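**Q** For what it's worth, the working numbering labels the leading residue of the sequence shown as 1, then goes sequentially.
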Amino acid sequence: MPDTKIVLTEREIPRSWYNILADIPTPPQPPLHPGTGEPIGPADLAPLFPMDLILQEVSTDREVAIPEEVLDVLRLWRPTPLYRAHRLEKAIGTGSRIYYKYEGVSPAGSHKPNTAVAQAFYNAKAGRKRIATETGAGQWGSSMALACTFFGLECKVYMVRVSYDQKPYRRMMMETWGASVVASPSADTNAGRGMLEQNPDSPGSLGIAISEAVEDAATRDDTSYALGSVLNHVLLHQTVIGQEAQKQLAAAGESGVDVVVGCVGGGSNFGGLALPFIRDKIGGADIEVIACEPAACPTLTRGPFSYDFGDTAQLTPLVPMHTLGHDFVPPGIHAGGLRYHGVAPIVSQLMLDGLLRPEAYRQTDVFGSAITFAQSEGIVPAPESAHAIKGTIDAAKRADEEGVEKVIVFNLSGHGHFDMAAYDAYLHHRLEDHELPEEEIQRALKAIEPLPKPAVPA
Ligand SMILES: Cc1ncc(COP(=O)(O)O)c(C=O)c1O
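1) Mind checking who Asp308 pairs with in its DSSP beta bridge?
2) What's the gap between the Cα of Ser142 and the Cα of Leu206?
3) Would you mind reading off the limits of the alpha helix (DSSP H) that contains Ala116?
4) The alpha helix (DSSP H) that contains Ala503, what's its start and end?
5) Along the alpha helix (DSSP H) that carries Asn269, what are the first and last residues, could you check?
6) What are the uninterrupted segments assigned as alpha helix (DSSP H) that are 4 or more residues long and contained completely in the stretch 408-441, given in chain order?
7) What is the residue span of the beta strand (DSSP E) that Glu134 lies within?
8) In whole angstroms, give me the CA-to-CA distance for Thr4 and Thr316.
9) Measure the C-alpha to C-alpha separation of Ala116 and Ala145 and round it to an integer number of angstroms.
10) State yes or no: is the C-beta of Leu436 nearer than 7 Å to some heavy atom of ligand 1?
11) Please say whether Ala126 and Asp52 have beta carbons closer to each other than 8 Å?
12) If you drop the 5 nearest sequence neighbours on each side, which residues of the same chain put their C-beta closer than 6 Å to that of Arg279?
13) For Ile98, which of helix, strand or coil comes out of DSSP?
14) Skipping 5 residues on each side, what residues in its chain have a beta carbon closer than 8 Å to that of Leu8?
15) Do Gly266 and Val157 have their CB atoms nearer than 8 Å?
16) By the 10 Å Cβ neighbour count, where 16 or more other Cβ atoms means buried, how is Tyr225 classified, buried or exposed?
17) Relative to the C-alpha of Asp61, which candidate in Glu38, Pro30, Trp17 has its C-alpha closest?
18) Give me the Cα-Cα distance between Gln314 and Gly41, rounded to the nearest whole angstrom.
19) Mapping the DSSP letters down to three states, classify Thr223 as helix, strand or coil.
20) Is it buried or exposed for Tyr169, if we count other Cβ within 10 angstroms and need 16 for buried?
21) Just verifying my parser: in three-state terms, what is the DSSP assignment at Val260?
22) According to DSSP, is Lys472 part of a helix, a strand, or is it coil?
23) Suppose the cutoff is 8 Å on Cβ atoms and the five residues either side in sequence are ignored; what does the same chain contact list for Gln372 look like?
24) Measuring only from the beta carbon, is Ser110 closer than 7 Å to any heavy atom that is part of ligand 2?
25) Of the choices Arg357, Ile282, Gly336, whose alpha-carbon is the least far from that of Gly414?
26) Taking the alpha helix (DSSP H) that Met172 falls in, what are its first and last residues?
27) On the DSSP letters alone, give me the boundaries of the alpha helix (DSSP H) that Ile40 sits inside.
28) So what's Glu359 in DSSP terms, helix, strand or just coil?
29) Assign Tyr158 to one of three DSSP states: helix, strand, or coil.
30) I'd like to confirm the pairing. Which residues does DSSP put opposite Gly342 in its beta bridges?
31) Between the Cα of Phe309 and the Cα atoms of Arg130, Ala124, Met1, Leu32, which residue gives the shortest distance?
32) Just checking Ala137 against ligand 1 - is the residue's beta carbon closer than 7 Å to any of the ligand's heavy atoms?
33) For the candidate residues Arg15, Arg11, Gly35, whose alpha-carbon lies nearest to that of Pro450?
34) Report the residue from Arg339, Cys292, Gly378, Thr364 whose alpha carbon sits nearest the alpha carbon of Met351.
35) Can you tell me whether Ser184 is buried or exposed, with buried defined as 16 or more other CB within 10 angstroms of its CB?
36) Just to confirm, does Leu71 get its C-beta within under 7 Å of one of the non-hydrogen atoms of ligand 1?
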């Protein structure tokens, strides 16, 4: 029987990040200044980010060296294991070989610390004292709190109200690592106060929480903003996942992979696993790449490609991406980390270029797949990651119907230990599917009508 866990030694942690901007067939169009409509330059971003990160954002170098100080921290949990899902394969009766990269072994429980540690390092190096950020599911806020404590930075987290209420233990974890946490919309910022006036019971959204964190950072000299997804440098930092997975698949005796699967909120764990494989695909390898999203927040499957703001209060630059419109507030589904109106420009461009394909699932089907996984492999997956499990099971079933055996690898981006209320709701038939009417999508998209249009139509 082939091994269940394929592990690498610490010496095999990648020494550089892989930058797809060196190989992407169509480079993403530049972000635009919200006031002038002109492409933004490094100086425009300097109030929010340290220069090292701004330069990584625009770099087209294929390899970017990982600083020793960052490797020292990553070593606490990296390399992460790659599992052969023998028991899941048996449970669903597939002839395909399924592998998953398990990022839930980090202290915060997900892939997010891979970039949080790098971002905290570059901020501390630049002399910044404090970080303001948002969190959806609580995973990113926990990761930033953890990273800030390692590099001696203060951390303020604006946590989307619905997650703040659903996941008190996430807040406590962030506070344990020294962060201060408020529910968003909050009374601490102009953006938050404005939202609360419009709707005192707002469930919040990542778009609103980002507005609050950006405003906080822009109005204090000692503070930087940190984003847990979407931006080029965040996807760059996550590519340790895919690079390790490629070594591990080779160690398992696989000469190639047929299907790569990841869930997509802003696109960072998906990109982290998929980008090194997409490099091979650009080079001619025959790989199907599937991006899995919630039907309640169908950015890739139903959102047009457009310039849009990254946040609700229109404080960020305009970025070219698939979007549901910056004031779209997704229903309060339990995969809080997938409740974002936009997606990374890199992921959007790769989709336009036909290098990946999106699928959208209903949350009850996603939890059904999560239970199948928990009862076969043992790990209780994060609701976000469970989208990738559903995508994987569907892909294996399609292969069985075609009578072929495929090698499928997916990213298990985190564990669901703080999501048990969601499992409880599913197991006791209280979990609802949120149908998203076309009228609501069309209403939200009105917000992007006046914005500049990207040169490449959808
Ligand atoms: C476990 C987990 N997976 C996935 C995501 C989605 O984010 P991204 O698309 O940036 O990977 C999140 C976001 O919070 C998360 O916590």
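Every residue, glycine too, gets a C-beta built ideally from N, C-alpha and C. Note that this is a predicted model, so its numbers are computed, not measured.
**A** In terms of the structure at hand:
1) Val319
2) 15 Å
3) 113-125
4) The chain is shown only over 1 to 458; residue 503 falls outside these bounds and no answer can be derived.
5) 268-282
6) 420-427
7) 130-135
8) 45 Å
9) 9 Å
10) no
11) yes
12) Asp23
13) strand
14) Pro79, Glu244, Lys247, Gln248, Ala251
15) no
16) buried
17) Trp17
18) 18 Å
19) strand
20) exposed
21) strand
22) Outside the shown range of the chain (1 to 458) lies residue 472, about which nothing can therefore be said.
23) Sequence inspection shows Thr at residue 372; the Gln mentioned does not correspond to that position. Result list for Thr372: Leu88, Ala91, Ile92, Ile389, Ile393, in chain order.
24) Ligands displayed in this structure: ligand 1; ligand 2 is not among them.
25) Gly336
26) 168-176
27) Ile40 -> no alpha helix (DSSP H), and no H or E assigned at all.
28) strand
29) strand
30) Thr323
31) Leu32
32) yes
33) Gly35
34) Cys292
35) buried
36) no
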